[in-house]
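Note sheet for the following structure.
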Amino acid sequence: MALNLYYAGLYERCLASIAAEKKHGTTHQLLHTEGLALRALNRITEAISSFLASQKLDPFDQSTTLELA
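Residue numbers for the sequence shown follow UniProt numbering, beginning at 1 and rising by one.
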C-alpha cells in the first residue's frame, strides 16, 4: 500500500505544479508535469483495479464502498 500512497502523493504534487506552471512555467514544463500526473493516476487506477479483482469486487457496482487508510 505504501507504493500506492507514493503515487497518490506524486499525483497531488503534480496537480499543484500544473497550477503553478500554468501561470509561470513553459509549455514544455507543463506537458512534462501533466505526463507525470497521468502516469501516477494510471498507477493508482491499476492498483485499485487489482485490489478490486483480488477481493472479487465489481468495480462498476456502486454499492461497493472502500475504506481507504
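Glycine is no exception: its CB is placed at the ideal position from the N, C-alpha and C atoms.
Note that the C-beta distance between Glu21 and Leu30 is below 7 Å. Ala37 has its alpha-carbon roughly 22 Å from the corresponding atom of Leu52.
In this structure Ala16 is exposed. Its beta-carbon is surrounded by fewer than 16 other beta-carbon atoms within 10 angstroms. Taken atom to atom, the span from the alpha-carbon of Thr33 to that of Gln55 is near 33 Å.
Going by C-alpha positions, Leu41 is about 21 Å away from Thr27.
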